[in-house]
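Worksheet: one structure, shown below.
Chains as they are written, first to last, in this note's numbering: chain A, 7 to 258; chain B, 7 to 258.
Have a look at this one:
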């Protein structure tokens, strides 16, 4: 049996009872390598589960798909995934390949950033494709987050922008830095989608039990204090009046 | 302290360790009345938590918002919510009202139907507004699900359609029944968005650990066996070729 188990968005305490029970039953436990998104160490996971956790980079997990599925023919194998296992296409391939090979799969769902962003109060079905800003965005002339924002705005969709982080070297992109990246691309590309007066939502610790949500113009949000990382931005598209009211309330 | 705690999509085992710990610490525990969506009884929840659970209809929870928030000034109060607490606007009002009253709120996230539908393999950000078909749709001339489908297709968005259920009287709308409702509305309204050749996805037990996903034309899907309820339909809009490939694979 192959278990695809979501770990949710916080630390080792965010696994479900069903998920923990399954991990404890497994002979082999893989963790997909987005460990930087976990607010705990691999050792803390191992202590809770009472077994060894094999950390595998995301690309590795894809490359090892056949091997992992085959091993689940005779053993109970868990693949742990930060967030919800079904939010990424890779894991759906696991389901389908396993089915082809006659290996049974059980998915244990959990919280995903795609619904945790609901805390902001904008309708979830009005979010377009999520994007992220990498540390090297300016140096490498990356325009992908700006392009994603442009595409979403064209379709009147909101945009969730995740900011890069590297807890090992204690580096976290801040909201002012991210806004400067977007303003910098705007200056070069000039499609007129963001400026100092654009209303944006700054968020810290989305999906944790103490998120901060603050709303203002780019100029205002750049001056706000969001406390500890990780950070994200939401750039709203056209707002329904109920959404406007909710954003207004976050200004209190 | 007020805790908004997601229960996830299955039974009492789908709460997270963080959520269970919080419930056990609370003096008063409310459960928002979507208990029909839980695959366990309120008694099973009470046994796990070791305390009384007060079931409150959804409208009641909204009406009681002030009372619940005020009681959380002096006590630890939990409001349990099926799925993820931040997928519905009501609960965001709780956050905002509590902030106004100076009451601290902790949200414990969990799985939501909005990401669990990811199992189908269509991009989550390409889903439009979710809709549902009530039992009395035909008798009462309800066209809302058809209208939602039309709106989503206009914007090239996929539609998740949840089918009504009433476990107390052991009634579950089946996929053929739901398709007949949509075909019936099509016949009257005639916008030409669904017919026997339209490709749709039938799903059973979405969010559980044994979902069934099957793809075919309306005519084909009406003949398929999906096993036990609850059921849902996905009516895809324009597909990216990767999405087409995934749907193709579900046909195997």
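Don't be surprised by glycine CBs; every beta carbon is placed ideally from N, CA and C. In this text, all values refer to a predicted model and were calculated from it rather than measured experimentally.
* **Of the listed residues A:229, A:250 and A:12, nearest to residue 113 of chain A (C-alpha basis)** => A:12
* To do: Give the straight-line distance between the Cα atoms of residue 207 of chain B and residue 182 of chain B, rounded to the nearest whole angstrom.
  => 12 Å
* Proximity test, Cβ basis, 7 Å: residue 176 of chain B and chain A -> no
* Buried or exposed (CB count within 10 angstroms, at least 16 for buried), residue 146 of chain A -> exposed
* **Distance, residue 180 of chain A Cα to residue 154 of chain A Cα** => 20 Å
* Could you name the residues of the region 115-138 of chain A whose beta carbon sits closer than 7 Å to any beta carbon of chain B, in the order they occur along the chain? => 115, 116, 117, 118, 120, 121, 122, 124, 125, 127, 130, 131, 133, 134, 135 and 136
* To do: Spell out whether any CB of chain A is found under 7 Å from the CB atom of residue 24 of chain B.
  => yes
* Can you find a C-beta in chain B that's less than 7 Å from the C-beta of residue 112 of chain A? -> yes
* Asked: CB residue 51 of chain A to CB residue 88 of chain A, shorter than 7 Å?
  -> no
* Within chain A, the residues that residue 108 of chain B reaches when beta carbons sit closer than 7 Å -> Residues of chain A passing the Cβ test: none, with the nearest at roughly 12 Å.
* **Near-chain A residues of the region 225-254 of chain B (beta-carbon distance less than 8 Å), N- to C-terminal order** => 248 and 252
* Paired residues, beta bridge with residue 22 of chain B - DSSP -> A:22
* Asked: Roughly how many whole angstroms lie between the Cα atoms of residue 253 of chain A and residue 221 of chain A?
  -> 7 Å
* **Where residue 80 of chain B falls, given that 16 or more other Cβ within 10 Å makes a residue buried** => exposed
* Which partner residues does residue 86 of chain B have in the DSSP bridge list? -> B:11 and B:37
* Is there at least one Cβ from chain B nearer than 7 Å to residue 19 of chain A's Cβ? -> yes
* Please name the residue in A:161, A:152 and A:211 whose C-alpha comes closest to that of residue 171 of chain A. => A:211
* **Rounded C-alpha distance that separates residue 55 of chain A from residue 49 of chain A** => 10 Å
* If we ignore side chains and look at the alpha-carbon of each, how far apart do residue 38 of chain B and residue 106 of chain A end up? -> 40 Å
* chain B partners of residue 93 of chain A, CB-CB under 8 Å? -> 121, 124 and 130
* Asked: Would the region 93-111 of chain B and the region 124-143 of chain A be scored as touching if the rule is three or more Cβ pairs under 8 Å?
  -> yes
* Quick one: residues in its chain with C-beta nearer than 6 Å to the C-beta of residue 85 of chain A, no 5 flanking neighbours on either side, listed in chain order? => 10 and 36
* Using the rule of at least 16 other Cβ atoms within 10 Å of the residue's Cβ for burial, across every protein chain shown, is residue 202 of chain A buried or exposed? -> exposed
* For residue 161 of chain B, which residues of its own chain have a beta-carbon under 7 Å away from its beta-carbon, when the five flanking residues on both sides are left out? -> 134
* If you follow the beta strand (DSSP E) that residue 220 of chain A is part of, which residue opens it and which one closes it? -> 218-223
* **Under 7 Å by beta carbon: chain B residues contacting residue 213 of chain A** => 115
* Chain-order list of residues whose beta-carbon lies under 8 Å from that of residue 20 of chain B (same chain, five-residue window excluded) -> 13, 14, 116 and 117
* For residue 65 of chain B, go through chain A and note every residue whose CB falls closer than 7 Å to its CB, in chain order. => The premise fails here: residue 65 of chain B is roughly 18 Å from chain A at the closest Cβ pair, so nothing lies under 7 Å.
* To do: Inspect the beta-carbon positions of residue 158 of chain A and residue 149 of chain A and report whether they are closer than 7 Å.
  => no
* Member of B:130, B:120 and B:188 whose CA lies at the smallest distance from the CA of residue 141 of chain B -> B:188
* Short check: CB of residue 74 of chain B to CB of residue 255 of chain A, under 7 Å? -> no
* If we cut at 7 Å on Cβ distances, does residue 33 of chain A have a partner in chain B? -> no
* Exposed or buried, which one is residue 191 of chain B when buried takes at least 16 other CB atoms within 10 Å? -> buried
* Spell out whether any CB of chain B is found under 7 Å from the CB atom of residue 98 of chain A. => yes
* **Nearest-angstrom beta carbon gap, residue 139 of chain A and residue 184 of chain A [assumed within contact, 8 Å]** => 5 Å
* Asked: Which residues, taken in chain order from the region 56-90 of chain B, show a beta carbon closer than 9 Å to some beta carbon of chain A?
  -> 89 and 90
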